[in-house]
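Report on the structure given below.
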Amino acid sequence: MRTFQWNAPIVGAGALVLCVLLPALVPLKAEDRGAQVVVPVTKTAPAETSRDTKSSLTELKSHLDRSDRAVALRALQMALTELGDGVTLVWRRPESRLTGRVKPVSAFRDEDGRLCRTVIYSLTRGGKENEVEGVACRSADGRWAIAG
299 MRTFQWNAPI VGAGALVLCV LLPALVPLKA EDRGAQVVVP VTKTAPAETS RDTKSSLTEL
359 KSHLDRSDRA VALRALQMAL TELGDGVTLV WRRPESRLTG RVKPVSAFRD EDGRLCRTVI
419 YSLTRGGKEN EVEGVACRSA DGRWAIAG
């Protein structure tokens, strides 16, 4: 498995990899310090966790504090903009013991002609994983917004 890891703030050779692979990365903010992003190129074995798959993306987001939410949404933007279908972006917030996974599944156009993507998003904290499948659509300004 080939991966790269984002340890905010970006330092050294990691910055070169990100500049080549993720040119649309939004500049890091103070709340991103300590965040890590790992993008596996191949499939990994699932973690041993309990799962709740009945939540929505919006509900999942509501369980995060402001700084965790900012990193989670930035990871969603990065995955939907930069990754192909089936590639998983993994991010970690060690100080809050939080791990997230974003996996774009498929792309389509909605009835308004907007580019939309089905995405699987999971958050793991304290051994409990909450995984949801949802849809995000790209707005005219290029940002992705959760549909529904």
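Going by our numbering, the residue at position 105 of the sequence shown is 403; the numbering climbs one at a time, nothing skipped.
Don't be surprised by glycine CBs; every beta carbon is placed ideally from N, CA and C.
Predicted model, so just to flag it, every value in this text is computed and none were measured.
Nearest residue (CA-CA) to Arg412, options Asp439, Gln375 and Pro392:
Here the closest residue by C-alpha is Asp439.
Rounding to the nearest angstrom, what Cα-Cα distance links Asp410 and Ser437 in this structure?
Going by the C-alpha atoms only, they are around 11 Å apart.
From Arg441 to Pro402, what does the alpha carbon distance come to, in whole angstroms?
Just so you know, the alpha carbons of Arg441 and Pro402 end up roughly 15 Å apart.
Between the C-alpha atoms of Ala434 and Ile444, what's the straight-line distance to the nearest angstrom?
In a straight line, the C-alpha of Ala434 is about 4 Å away from that of Ile444.
For Arg407 and Arg391, the rounded distance between their alpha carbons
Between Arg391 and Arg407, the C-alpha separation is close to 33 Å.
Closest residue to Asn428 among Gly398, Glu380 and Ser365 (Cα-Cα distance)
Here the closest residue by C-alpha is Gly398.
Please report the residue range of the beta strand (DSSP E) in which Thr422 lies.
Per DSSP, Thr422 belongs to the beta strand (DSSP E) from Leu413 to Arg423.
Going along the chain, which residues of its own chain have a beta-carbon closer than 7 Å to the beta-carbon of Leu378, five neighbours each way excluded?
If the five residues before and after Leu378 are omitted, its C-beta is found closer than 7 Å to the C-beta atoms of Pro402, Arg415, Val417, Ala434 and Trp442, all from its own chain and listed in chain order.
Strictly by DSSP, which residues pair up with Gly398?
Looking at the DSSP assignment, Gly398 forms a beta bridge with Trp389 and Leu421.
How would you label Arg364, buried or exposed, when you count the other beta carbons within 10 angstroms and need 16 or more for buried?
Burial call: exposed.
Round the Cβ separation of Ala373 and Leu387 to the nearest angstrom and send it over; I've been treating them as touching at under 8 Å.
Ala373 to Leu387, Cβ: 6 Å. Contact.
Note the first and the last residue of the continuous beta strand (DSSP E) segment covering Ala373.
If you look at Ala373, you'll find it isn't in any beta strand (DSSP E); it sits in the alpha helix (DSSP H) that goes Arg364 to Glu380.
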